[in-house]
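**Q** For the sequence shown, my numbering gives the first residue as 5, with consecutive numbering after it.
Ideal placement from N, C-alpha and C gives every residue a C-beta, glycine not left out.
All values derive from a computational prediction rather than experimental measurement.
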Amino acid sequence: MKRNPETILRLRVWLEQEDQTYIGIGSTLLLQQVEKLGSLRKAAEALGMSYRRAWGKLKNAEERIGKPLVEKTKGKGQRFNLSPYGREVMEKFLHFYLDVEEYATKRATELLEMDVKKSGEFYRDDME
Numbered sequence: 005m006k007r008n009p010e011t012i013l014r015l016r017v018w019l020e021q022e023d024q025t026y027i028g029i030g031s032t033l034l035l036q037q038v039e040k041l042g043s044l045r046k047a048a049e050a051l052g053m054s055y056r057r058a059w060g061k062l063k064n065a066e067e068r069i070g071k072p073l074v075e076k077t078k079g080k081g082q083r084f085n086l087s088p089y090g091r092e093v094m095e096k097f098l099h100f101y102l103d104v105e106e107y108a109t110k111r112a113t114e115l116l117e118m119d120v121k122k123s124g125e126f127y128r129d130d131m132e
């Protein structure tokens, strides 16, 4: 007898202004990795993207938002910390994402009458 395959919910969530991404899960994950690793290069590697792409994504996000999201750490070469606003927007968007994922998982389970699980691909260890 064939077993039912596991059903996984996958979401891509972002906010737009004037047809441009304001903040999304990609930018947020980049900020998360910069905070964790202190390096844009290491953050890019952790996410499987080039340094150039990560730099562009970060600069585009800062331009759209109108505030710096990262700051260079003084005296430590090319090390980065999140700016206070960068940390705030990262934390708030991650909480928002997890709330949306929780609701969508429960609703899909109810409506589709099947066991739907979260993918867990965007979790922070301290937010689970």
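#1: Which residue from 122, 56, 114, 90 puts its Cα closest to that of residue 104?
#2: Find the nearest neighbour of residue 23 within the set 82, 68, 89, judged by alpha-carbon distance.
#3: Given 8 Å as the limit, is there contact between the stretch 33-46 and the stretch 57-76, that is, 3 or more CB pairs closer than that?
#4: Going by other Cβ atoms of all chains shown within 10 Å of its Cβ, with 16 needed for buried, is residue 3 buried or exposed?
#5: Inspect the CB distances between the stretch 6-14 and the stretch 109-119 and report whether three or more fall short of 8 Å.
#6: For residue 60, which residues of its own chain have a beta-carbon under 6 Å away from its beta-carbon, when the five flanking residues on both sides are left out?
**A** Working from what's here:
#1: Restricting attention to 122, 56, 114, 90, the CA atom closest to the CA of residue 104 is found in 122.
#2: 68
#3: yes
#4: Residue coverage of the chain in this structure runs from 5 to 132, which leaves residue 3 outside it and unanswerable.
#5: yes
#6: none
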